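Chemist: Residue numbers (our numbering): 369 to 867. Encoded as structure tokens, here's the structure I'll be asking about.
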């Protein structure tokens, strides 16, 4: 399609983002709407270009994903206020520590004090003290990096060091180039975004089928928001999507190579050490037709490899649990009586209570849906029920109606459903054991929907029916237009709340 032939889609996109903008603007925004108008114009240009680029690269969706993620992600890198994303202050501390070459963190007693902490630099504490501020209402961004030693009480020591390598590279470059302090955060976010967009592009390119659903999942507003931050959630999410893409490759490839099986498991291990229930993605091998393996030996060995993968996950989880309390969480656990073994004992002793908690993931499902548009952190949180409800409707329609290039039989869909539920319940169960007080009545306490971002790919895989006839080119373009509208809605929500 030529640029002007997309005018109907441009108009629809513009109407939707104007609607979102008007819905989110606060009374004070109308008195001086200059910045809001500039940002509205910017997201329209980004979205219009993305639509046009898609029409010129329909056979190269990995490029489309890469471009869309970078365009809107870079906007979020600079737009999102200082350390405003959930737990970003702690991710910031760990990023700086890794940038110095430390693989494991040292939780040491603070000199001349009775308490413990992690050694970092004063500029990290300065950013923490200005968390939630944008660059227009603070001067911290104008100062040079202050290397004076400071001890902070939390640094995500339970996370593996590799999950901070992209961010740490940004911090290292900011130091090397003697940039202002704000550039540590901005470059850290930028390299994190580049990692996410690159892995997603690799995943979509590798997948022989379901490329368009992978594109839509990868540009979920919350996914871009997290990827354009110092959080590790973007990394775990893209690695999970990469593993799923390799499963799709196995599903369609008559002769699987050992190298590809190795990459599949590597992605799962790197993802699973961040979110252990996602180690269950390895079970996707049981959905691959047996005749696609090079030999029976390869079939058996590749499936038996699940056991050492799970063993690695258990060993890391054991280590992570021991250091989890080396932060503000230690006091929180003691105050709220958080104890995993006692929680299990309580559930086994109270079967009716246990059944109620087992049903929580479904009875409280609206909370999970709304939290897909839950931004910032507990102190400065902002969300939009409007975006959440409309996106749920959009994604349900997309999952059912999107024309897929592969028809999965009912047995494969059911197996996929079981694996998806194992991961879904696993995430919630782990959080319940490690975050809720013994006898806690809400299994979703401490659970955020960003933990489930990669799981969304299971939904069209399982429920797609495609029972209506559509023009494939037009319906996919419509779905992309709507998906871009929600990303822009997130940006305008941030502008309204934070500026």
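Just so you know, even glycine gets a beta-carbon here, dropped at the ideal spot from N, CA and C. This one's a predicted model, so the numbers in the text were calculated from it and none came from an experiment.
Where does the unbroken alpha helix (DSSP H) through residue 616 begin, and where does it stop?
Modeler: To locate residue 616, count along the chain shown from 1; it is residue 248. Run containing residue 616: 601 to 620, per the alpha helix (DSSP H) assignment.
Chemist: Does any residue of chain D bring its CB to less than 8 Å from the CB of residue 777?
Modeler: Of the chains in the structure shown, none is chain D; there is only one protein chain.
Chemist: List, from N- to C-terminal side, the alpha helix (DSSP H) runs of 4 residues or more that fit wholly inside the region 614 to 671.
Modeler: Listed in chain order, the complete alpha helix (DSSP H) runs (minimum 4 residues) inside the region 614 to 671 are 626 to 640.
Chemist: Could you please give me the residues that DSSP links to residue 548 through a beta bridge?
Modeler: Here residue 548 refers to the residue found at position 180 of the chain shown. DSSP output for residue 548 lists 512 as bridge partner(s).
Chemist: Quick check: the Cα distance between residue 524 and residue 602, rounded to an integer number of angstroms?
Modeler: Along the chain shown, one-based indexing puts residue 524 at 156. Along the chain shown, one-based indexing puts residue 602 at 234. Cα-Cα distance, rounded: 16 Å.
Chemist: State yes or no: is the C-beta of residue 715 within less than 8 Å of the C-beta of residue 721?
Modeler: For the purposes of this step, residue 715 is taken as residue 347 along the chain shown, with counting starting at 1. For the purposes of this step, residue 721 is taken as residue 353 along the chain shown, with counting starting at 1. Taking 8 Å as the Cβ cut-off, residue 715 and residue 721 qualify as a contacting pair.
Chemist: Are residue 645 and residue 503 touching if we call contact CB-CB under 8 Å?
Modeler: The sequence position of residue 645 within the chain shown is 277, counting from 1. The sequence position of residue 503 within the chain shown is 135, counting from 1. Result no, Cβ atoms of residue 645 and residue 503 do not sit closer than 8 Å.
Chemist: Relative to the C-alpha of residue 761, which residue among 785, 734, 786 is closest?
Modeler: Locating residue 761 in the chain shown gives position 393, where the first residue counts as 1. Residue 761 has its Cα closest to that of 734, out of 785, 734, 786.
Chemist: If I follow the unbroken beta strand (DSSP E) through residue 486, where does it start and stop?
Modeler: Position 118 of the chain shown, counting from 1, holds the residue named residue 486. It spans 484 to 489 - the beta strand (DSSP E) in which residue 486 sits, taken as one unbroken run.
Chemist: How long is the line joining the alpha carbons of residue 777 and residue 829, rounded to whole angstroms?
Modeler: To locate residue 777, count along the chain shown from 1; it is residue 409. To locate residue 829, count along the chain shown from 1; it is residue 461. Distance between the alpha carbons of residue 777 and residue 829 is about 10 Å.
Chemist: For residue 640, I'd like the list of residues in its chain whose CB is within less than 7 Å of its CB, leaving aside the five on either flank, ordered along the chain.
Modeler: Stepping through the chain shown from its first residue, residue 640 is reached at position 272. Closer than 7 Å at the Cβ level, and outside the excluded window around residue 640, lie 646, 647, 681.
Chemist: Using a Cβ distance threshold of 8 Å, determine whether the region 526 to 544 contacts the region 600 to 615, with at least three qualifying pairs required.
Modeler: The region 526 to 544 is in contact with the region 600 to 615.
Chemist: Between the Cα of residue 362 and the Cα atoms of 675, 775, 802, which residue gives the shortest distance?
Modeler: With the chain covering only 369 through 867, there is no way to say anything about residue 362.
Chemist: Using CA coordinates, which residue listed in 387, 440, 433 is at the minimum distance from residue 410?
Modeler: Walking along the chain shown from the start, residue 410 turns up at place 42. That would be 440, whose Cα lies nearest to the Cα of residue 410.
Chemist: Using 8 Å as the threshold, is the C-beta distance between residue 427 and residue 577 below it?
Modeler: Within the chain shown, numbered from 1, the residue matching residue 427 stands at position 59. Within the chain shown, numbered from 1, the residue matching residue 577 stands at position 209. Result no, Cβ atoms of residue 427 and residue 577 do not sit closer than 8 Å.
Chemist: Quick one, are the C-beta atoms of residue 792 and residue 820 less than 8 Å apart?
Modeler: Translated into the one-based positions of the chain shown, residue 792 becomes position 424. Translated into the one-based positions of the chain shown, residue 820 becomes position 452. The answer is yes: Cβ separation under 8 Å.
Chemist: Starting from residue 520, trace the beta strand (DSSP E) both ways and give me its first and last residue.
Modeler: As a working mapping, residue 520 is identified with position 152 in the chain shown. Segment 517 to 520, the beta strand (DSSP E) holding residue 520.
Chemist: Using DSSP's beta-bridge definition, name the partner residues of residue 477.
Modeler: In the chain shown, residue 477 corresponds to position 109, counting from 1. The partner list for residue 477 (beta bridge, DSSP) reads 484.
Chemist: Is residue 550 near residue 518, with beta carbons less than 8 Å apart?
Modeler: Taking the chain shown and counting its residues from 1, one reaches residue 550 at position 182. Taking the chain shown and counting its residues from 1, one reaches residue 518 at position 150. No, the pair does not count as a contact, with Cβ atoms beyond the cut-off.
Chemist: What do you get for residue 467, buried or exposed, if any count of 16 or more other CB atoms within 10 angstroms of its CB means buried?
Modeler: Here residue 467 corresponds to residue number 99 of the chain shown, with the count starting at 1. It is buried - the Cβ of residue 467 has at least 16 other Cβ atoms within 10 Å.
Chemist: Starting from the Cα of residue 380, find the closest Cα among 850, 506, 435 and give me that residue.
Modeler: Position 12 of the chain shown holds residue 380. Nearest option by C-alpha distance: 850.
Chemist: How big is the Cα-Cα spacing for residue 847 and residue 771?
Modeler: Numbered from 1 along the chain shown, position 479 holds the residue referred to as residue 847. Numbered from 1 along the chain shown, position 403 holds the residue referred to as residue 771. Those two C-alpha atoms are separated by around 11 Å.
Chemist: Could you check where the alpha helix (DSSP H) with residue 734 kicks off and where it finishes?
Modeler: Here residue 734 refers to the residue found at position 366 when the chain shown is read from its first residue. Its alpha helix (DSSP H) spans residues 733 to 738.
Chemist: Would you call residue 705 buried or exposed, if buried means 16 or more other Cβ atoms sit within 10 Å of its Cβ?
Modeler: Translated into the one-based positions of the chain shown, residue 705 becomes position 337. By the 10 Å Cβ count, residue 705 comes out exposed.
Chemist: On the DSSP letters alone, give me the boundaries of the alpha helix (DSSP H) that residue 774 sits inside.
Modeler: If you number the chain shown from 1, residue 774 lands on position 406. No alpha helix (DSSP H) holds residue 774; DSSP gives it neither H nor E.
Chemist: Going by beta carbon distance, what residues of the same chain come within less than 7 Å of residue 582, once the five residues before and after it are set aside?
Modeler: The residue labelled residue 582 in the question sits at position 214 within the chain shown. Excluding residues within five positions, the ones whose Cβ falls inside 7 Å are 571, 572, 575, 609, 613, 825.
Chemist: What residue range does the alpha helix (DSSP H) around residue 833 cover?
Modeler: Reading the chain shown from its first residue, position 465 is the one you call residue 833. Per DSSP, residue 833 belongs to no alpha helix (DSSP H) and is neither H nor E.
Chemist: Roughly how many whole angstroms lie between the Cα atoms of residue 868 and residue 669?
Modeler: As displayed, the chain neither begins before 369 nor continues past 867, which places residue 868 out of reach and without an answer.
Chemist: If you follow the alpha helix (DSSP H) that residue 462 is in, where does it begin and where does it stop?
Modeler: Position 94 of the chain shown, counted from the first residue, corresponds to residue 462. From DSSP, the alpha helix (DSSP H) with residue 462 extends over 456 to 467.
Chemist: What does DSSP give as the partner residues of residue 743 in its beta bridges?
Modeler: The count along the chain shown starts at 1 and reaches residue 743 at position 375. In the DSSP output, where bridge partners are listed per residue, residue 743 has 750.
Chemist: With 16 other CB atoms within 10 Å as the buried threshold, where does residue 719 fall?
Modeler: Residue numbering aside, residue 719 sits at position 351 when the chain shown is read from its first letter. Exposed, because fewer than 16 other Cβ atoms sit within 10 Å of the Cβ of residue 719.
Chemist: Do residue 654 and residue 671 have their CB atoms nearer than 8 Å?
Modeler: Translated into positions along the chain shown, residue 654 becomes position 286. Translated into positions along the chain shown, residue 671 becomes position 303. A contact, by the Cβ cut-off of 8 Å.
Chemist: Helix, strand or coil: how does DSSP classify residue 524 here?
Modeler: Here residue 524 is taken as the residue at index 156 of the chain shown, counted from 1. Residue 524: coil per DSSP, three-state reduction.
Chemist: Are the beta-carbon atoms belonging to residue 636 and residue 677 less than 8 Å from one another?
Modeler: In the chain shown, the residue the question calls residue 636 occupies position 268. In the chain shown, the residue the question calls residue 677 occupies position 309. In this structure, residue 677 lies closer than 8 Å to residue 636 by Cβ.
Chemist: Just how far apart, CA to CA, sit residue 436 and residue 807?
Modeler: Within the chain shown, numbered from 1, the residue matching residue 436 stands at position 68. Within the chain shown, numbered from 1, the residue matching residue 807 stands at position 439. Whole-angstrom Cα-Cα distance: 45 Å.
Chemist: Would you call residue 483 buried or exposed, if buried means 16 or more other Cβ atoms sit within 10 Å of its Cβ?
Modeler: The count along the chain shown starts at 1 and reaches residue 483 at position 115. Looking at its Cβ environment, which holds fewer than 16 other Cβ atoms inside 10 Å, residue 483 is exposed.
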